[in-house]
Amino acid sequence: MAALAGLFGAEGIQYLWVLDYPVQATVCIAALILLPLLMARSSRERALSLSTAVIFSFVAHFTVWTYLSGLSA
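Next up, the structure:
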């Protein structure tokens with residue numbers, strides 16, 4: 001659950017910081033927040049999934065784009 005939400009968060013970061021598409025970034029960030037909140041069974045699971053998804057977002061974004069920029073150089 002956190003990995004899927006983190007993927008949307010990574011896309012939201014890419015849309016906001018690199019591509020400057022605020023509408024798409026807002027939709028992805030909304031998915032980042034709503035997926036753990038709607039899919040989790042308990043409040044503890046929601047909190048853990050949401051916090052892990054935020055961390056996964058930054059890790060995925062910087063890992064993928066560092067790797068891809070190294071390939072294109």
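Residue numbering for the sequence shown follows this note's numbering, starting at 1 and increasing by one per position. Note that CB positions come from ideal geometry on N, CA and C, so glycine has one too. These numbers were taken from a predicted model, which means no experiment stands behind them.
When Cβ pairs closer than 8 Å are counted between the two stretches, the segment 21–31 is seen not to touch the segment 44–52, the count staying below three.
With fewer than 16 other beta carbons inside 10 angstroms of its own, residue 58 counts as exposed. The three-state reading of DSSP puts residue 42 in coil, since its state is none of H, G, I, E or B. In this structure, the alpha-carbon of residue 16 lies about 24 Å from that of residue 47. The straight-line gap separating the alpha-carbon atoms of residue 42 and residue 10 is approximately 25 Å.
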